Amino acid sequence: MAHRANAAKRLFSIERIANEVQAGEDALADWASQRGNGVFLKPDSALQTALGTVATWVTTQQYEPAAISTFFQVADYYLVAHALAHEHVVVTHEVASSSTKRIKIPNACIGVRLRHMTPFEMLRREKARFVLGRHR
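1 is the number of the first residue of the sequence shown in my numbering; add one for each residue after it.
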């Protein structure tokens, strides 16, 4: 499903996520390395304005300074901004939180009026089918 959705330009991530995943040096890192530019989009000129929009929202909220600093350093900031710049939907397992100690992806999405959903919602929306087969 992920492969076909990506081929149709419907499912992808960003380069910053790839960098974080590849730092793990595990099976997921190997998978990400094999996908290259086909799945992980590079930053583009539209990203700059969106980064500013997300940064403005973050800095006008009541988050602790450490939470803000961390958010600006991790891929989540760029993921939300890239989705905002290109009117994409963010898919995440994270759940919005009222905590001021960490900025969650759904909170940032809500703050900049960006759609987000869980992976399960995305699979339902895309009508994913999983077929069990036998290995020989």
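Just so it is clear, CB atoms sit at the ideal spot from N, CA and C, and this is done for glycine as well. Remember, predicted model here, so these are calculated numbers, not experimental data.
Margin query: When you compare the CB positions of residue 47 and residue 85, do they come within less than 9 angstroms of one another, or not?
Written below: A Cβ-Cβ contact shorter than 9 angstroms links residue 47 with residue 85.
Next item on the list: Give the DSSP-derived three-state secondary structure of residue 112 in the structure shown.
Entry: Under the three-state reduction of DSSP output, residue 112 falls in the coil class, being neither helix nor strand.
Next item on the list: Quick one: measure Cβ to Cβ for residue 100 and residue 62, integer angstroms, because I've assumed they're closer than 8 angstroms.
Entry: Right, the Cβ-Cβ distance comes to about 5 angstroms (below 8 angstroms), so this counts as a contact.
Check: Mapping DSSP to helix, strand and coil, what is residue 130?
Finding: Assignment of residue 130 by DSSP, reduced to helix, strand and coil, places it in the coil class.
Notebook entry, point to check: Straight-line CA distance for residue 23 to residue 69?
Noted result: So the two alpha carbons sit approximately 21 angstroms from each other.
Notebook entry, point to check: What does DSSP give as the partner residues of residue 41 in its beta bridges?
Noted result: BP columns for residue 41 point to 14.
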